[in-house]
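K.L.:
Residue numbers (UniProt numbering): 1 to 171.
(1) Just the C-alpha distance for residue 136 and residue 56, rounded to the nearest angstrom, thanks.
(2) Using the beta-carbon count (16 or more within 10 Å), is residue 133 buried or exposed?
(3) Is residue 113 helix, strand or coil by DSSP?
(4) To the nearest angstrom, how far is it from the Cα of residue 107 to the Cα of residue 124?
(5) Drop a sphere of 10 angstroms on the beta-carbon of residue 23, count the other beta-carbons inside from all chains shown, and report buried for 16 or more, exposed for fewer.
(6) Is the beta carbon of residue 14 within less than 7 Å of some heavy atom of the ligand NAP?
(7) In the DSSP assignment, find the beta strand (DSSP E) that holds residue 90 and state where it starts and stops.
(8) What first and last residue would you give for the beta strand (DSSP E) that runs through residue 148?
(9) Decide if residue 109 is buried, meaning its Cβ has at least 16 other Cβ atoms within 10 Å, or exposed.
(10) If we count the other Cβ atoms within 10 Å of its Cβ and call it buried at 16 or more, is residue 51 buried or exposed?
(11) Could you check the C-alpha separation between residue 98 and residue 105 for me, to the nearest Å?
(12) Report buried or exposed for residue 86, applying the criterion of at least 16 other Cβ atoms within 10 angstroms of its Cβ.
(13) If we ignore side chains and look at the alpha-carbon of each, how far apart do residue 47 and residue 127 end up?
(14) Just the C-alpha distance for residue 64 and residue 111, rounded to the nearest angstrom, thanks.
(15) Roughly how many whole angstroms lie between the Cα atoms of residue 15 and residue 58?
(16) Who are the Cβ neighbours of residue 60 in its own chain at under 7 Å, not counting the five residues just before and after it?
(17) Taking buried to mean at least 16 other C-beta atoms within 10 Å of its own C-beta, is residue 35 buried or exposed?
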């Protein structure tokens, strides 16, 4: 079965255990971002088998977010057909820039742990991170390809929020 745009199937659906494990991995990448002097956001790309981590990327700066940077690198290293079966995991909901970049890279599934709205509560409208009130669901609902979006993941949200609160309280 193919999608309306003749894309291959999106690969295996991740289990709940895989989702939580991969989201914890994004938290480790976010911790690395902090160690490098960047904001606490991390993303990983997982292959169609829902096990193999193909790439990971921490946040760089305000225009090179973890998700958009990872999606651009993935698009230069894998075919669009292969990426359609992959999953991009990120600790916090992708902003509209990152959701759009994942779409254009042809990544077929995006999983996030905590919403952008919840992030706003953690940052307290911090000037270094002016969150946008544009849910990634809105972006993906306006695309021609059916990107699967999973999130938020309630049991991960508190863990992710704790890292965010700790970081933004120190800024």
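Quick reminder that beta carbons are idealized off the backbone N, C-alpha and C, glycines included.
P.N.:
Considering the structure as presented:
(1) Taking the chain shown and counting its residues from 1, the one referred to as residue 136 is at position 136. Taking the chain shown and counting its residues from 1, the one referred to as residue 56 is at position 56. When rounded, the distance between both Cα atoms is 20 Å.
(2) If you number the chain shown from 1, residue 133 lands on position 133. Exposed.
(3) Residue mapping note: residue 113 aligns to position 113 of the chain shown, counting from 1. Here residue 113 sits in strand by DSSP.
(4) Here residue 107 is taken as the residue at index 107 of the chain shown, counted from 1. Here residue 124 is taken as the residue at index 124 of the chain shown, counted from 1. Counting only the Cα atoms, residue 124 lies some 31 Å from residue 107.
(5) Residue mapping note: residue 23 aligns to position 23 of the chain shown, counting from 1. Buried: at least 16 other Cβ atoms inside 10 Å.
(6) As presented, the structure is devoid of all ligands, the ligand NAP included, so that no description of it is given.
(7) Locating residue 90 in the chain shown gives position 90, where the first residue counts as 1. Where residue 90 is concerned, the enclosing beta strand (DSSP E) stretches over 87-92.
(8) The count along the chain shown starts at 1 and reaches residue 148 at position 148. Where residue 148 is concerned, the enclosing beta strand (DSSP E) stretches over 148-150.
(9) Counting from 1 along the chain shown, the entry for residue 109 is found at position 109. Under this definition residue 109 is a buried residue.
(10) In the chain shown, the residue the question calls residue 51 occupies position 51. Exposed, because fewer than 16 other Cβ atoms sit within 10 Å of the Cβ of residue 51.
(11) Position 98 of the chain shown holds residue 98. Position 105 of the chain shown holds residue 105. Answer to the nearest angstrom: the Cα atoms are 10 Å apart.
(12) Position 86 of the chain shown, counting from 1, holds the residue named residue 86. Buried, because 16 or more other Cβ atoms sit within 10 Å of the Cβ of residue 86.
(13) Within the chain shown, residue 47 is the residue found at index 47, counting from 1. Within the chain shown, residue 127 is the residue found at index 127, counting from 1. In a straight line, the C-alpha of residue 47 is about 36 Å away from that of residue 127.
(14) Numbered from 1 along the chain shown, position 64 holds the residue referred to as residue 64. Numbered from 1 along the chain shown, position 111 holds the residue referred to as residue 111. Distance between the alpha carbons of residue 64 and residue 111: 19 Å.
(15) Numbered from 1 along the chain shown, position 15 holds the residue referred to as residue 15. Numbered from 1 along the chain shown, position 58 holds the residue referred to as residue 58. Rounded to the nearest angstrom, the two C-alpha atoms are 24 Å apart.
(16) Taking the chain shown and counting its residues from 1, the one referred to as residue 60 is at position 60. Taken in chain order, the residues that qualify are 38 and 69.
(17) Reading the chain shown from its first residue, position 35 is the one you call residue 35. Residue 35 comes out exposed.
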